[in-house]
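Numbering-wise (my numbering), the sequence shown opens with residue 32 and increments by one. Note that CB positions come from ideal geometry on N, CA and C, so glycine has one too. The structure displayed is predicted, hence computed values, not measured ones.
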Amino acid sequence: MEILTCASDYFRIEYEINPWMKVSDNADKSEVLIQYRKLLDTFFRAGVKFKGIEPDFKFPDMVYTANYGFINNKKFIKANFKYEQRRGESALAEKYFRHLGYKSYSLPDSIYFEGEGDLLALEDTYFVGWGKRTMKEAVPYLKEMLNGELIDLELINPYYYHLDTCFAPLNKKTVVINPNSFTDKGMEKINKYFSNVILTSEQDNKVLACNMVVNGKNIVVGEGVSDKFKTDLRAHGYTIFETPMSQYIKGGGSVKCCSLILTI
Ligand code: ARG
Numbered sequence: 032m033e034i035l036t037c038a039s040d041y042f043r044i045e046y047e048i049n050p051w052m053k054v055s056d057n058a059d060k061s062e063v064l065i066q067y068r069k070l071l072d073t074f075f076r077a078g079v080k081f082k083g084i085e086p087d088f089k090f091p092d093m094v095y096t097a098n099y100g101f102i103n104n105k106k107f108i109k110a111n112f113k114y115e116q117r118r119g120e121s122a123l124a125e126k127y128f129r130h131l132g133y134k135s136y137s138l139p140d141s142i143y144f145e146g147e148g149d150l151l152a153l154e155d156t157y158f159v160g161w162g163k164r165t166m167k168e169a170v171p172y173l174k175e176m177l178n179g180e181l182i183d184l185e186l187i188n189p190y191y192y193h194l195d196t197c198f199a200p201l202n203k204k205t206v207v208i209n210p211n212s213f214t215d216k217g218m219e220k221i222n223k224y225f226s227n228v229i230l231t232s233e234q235d236n237k238v239l240a241c242n243m244v245v246n247g248k249n250i251v252v253g254e255g256v257s258d259k260f261k262t263d264l265r266a267h268g269y270t271i272f273e274t275p276m277s278q279y280i281k282g283g284g285s286v287k288c289c290s291l292i293l294t295i
């Protein structure tokens, strides 16, 4: 697996666009740099390769690379951010990917789509989260751009506003979810697709446990998840790599938000 990350030199809480962000509780600069180093080191140990895009001072949330868009082979589906403060990030990513030979695609400007934060691939199945950032209207456009089954899930909890904050498919049978994020209809779809649905606890939700990177049988997740969470995943044959993410959680994201998957 290879992912795109972004160095955290300019990460800070400068505005509030989700309930985790408090300008009065800014990120600690030296802690952020330590946590970024540790994150890369943990990816390395879990066999995840990474590239980095250059950070830009104007975009403090650029560390959350998952939202720039979605990569499908050599296609880059560019995000249309809901909030003005992040809009410039997808243009920087588009420039970066064009340079590497990717072809860029986009949805109409008025239709918000926040990239891999709300669109997760599991082989030939795609899961789209909508209702908080990505709009429901994005679904038919994504269906046309991607080949495979697409399952859409409405997100109802303001704290878990991107699909990757509350839903982590491990394989075709098993998914980890935060159960307070979905409608009854969404839960039905999830239970129909997966035979094992692992539910996170309140302790796990506080550290955005679903926001993990899954590389084969290795899982990279933020520190502070419950023992039950680890036991459940180990019982399914996974090895857990924990890394401190407290500074990034102040911005409303953890490991997966800081990773845009380039190749599986
Ligand atoms: N502060 C960022 C925002 O609200 C956090 C993004 C988290 N990213 C993610 N893929 N869930 O947009």
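Cβ shell of T156 (< 7 Å), same chain only, five flanking positions each side left out: G179, E180 and I182
message: Nearest by alpha-carbon distance to E120: which of N104, V170, Y99 and Y136 is it?
response: Y99
message: With a threshold of 7 Å (Cβ to nearest heavy atom), would N49 be considered close to ligand 1?
response: yes
- prompt: Of all the options A77, N49 and F42, which has the alpha carbon lying nearest to the alpha carbon of I65?
  reply: F42
message: I'd like to confirm the pairing. Which residues does DSSP put opposite S135 in its beta bridges?
response: F107
query: Since I142 and E168 are thought to touch, with beta carbons under 8 Å apart, how far apart are those beta carbons, to the nearest angstrom?
result: 5 Å
- request: Over the uninterrupted alpha helix (DSSP H) stretch that includes G217, give me the two end residues.
  value: D215 to Y224
- prompt: Should the region 237–255 be regarded as contacting the region 275–291, the criterion being three or more beta carbon pairs within less than 8 Å?
  reply: yes
query: Mapping DSSP to helix, strand and coil, what is P20?
result: No answer is possible for residue 20: it lies beyond the span of the chain, which begins at 32 and ends at 295.
- request: Under 8 Å Cβ to Cβ from G162, same chain only, skipping five residues before and after it: list those, please.
  value: E185, L186 and I187
query: DSSP beta-bridge partners for L37?
result: Here the sequence assigns Cys to residue 37, which means Leu is not the residue at that position. Bridge partners of C37: I84.
message: According to DSSP, is F309 part of a helix, a strand, or is it coil?
response: The structure shown does not extend to residue 309, since the chain is modelled only from 32 to 295, so the question has no answer here.
Buried versus exposed call for N36 [16 or more other C-beta atoms within 10 Å across all chains shown]: For the sequence presented, residue 36 should be read as Thr rather than Asn. Answer is buried; the Cβ neighbour count reaches 16.
- prompt: Just the Cα atoms here: how many angstroms apart are T231 and S137?
  reply: 34 Å
Same chain only: Cβ atoms within 7 Å of L264, ignoring 5 sequence neighbours per side: I250 and I271
query: For A152, which option in A122, K220, Y190 and N202 has the closest C-alpha, if you only look at C-alpha atoms?
result: N202
- request: Kindly list the residues whose CB is nearer than 6 Å to the CB of F107, restricted to its own chain and excluding five residues on each side of it in sequence; keep chain order.
  value: G100, F128, Y133 and S135
task: Count the other CB atoms, across all protein chains shown, that sit within 10 Å of the CB of F213; report buried if there are 16 or more and exposed otherwise.
output: buried
- prompt: Which residue's Cα is closest to the Cα of K287: D56, F74 and W51?
  reply: F74
- prompt: Quick one: Cα of V63 to Cα of I102, how far?
  reply: 27 Å
query: For D183, which beta-bridge partners are listed by DSSP?
result: V159
query: Where does the unbroken alpha helix (DSSP H) through N236 begin, and where does it stop?
result: E233 to K237
query: Is the beta carbon of S7 sitting closer than 8 Å to the one on A97?
result: Within the shown structure, residues of the chain are numbered from 32 to 295, placing residue 7 beyond reach of any answer.
message: Quick check on N242: buried or exposed, where buried means 16 or more other Cβ atoms within 10 Å of its Cβ?
response: buried
- prompt: With which residues is P200 paired in a DSSP beta bridge?
  reply: V206
query: Does the Cβ of E23 have 16 or more other Cβ atoms within 10 Å, making it buried, or fewer, making it exposed?
result: Residue coverage of the chain in this structure runs from 32 to 295, which leaves residue 23 outside it and unanswerable.
- prompt: To the nearest angstrom, how far is it from the Cα of M166 to the Cα of A77?
  reply: 34 Å
field: P275 versus L70: straight-line alpha-carbon distance, rounded
entry: 8 Å
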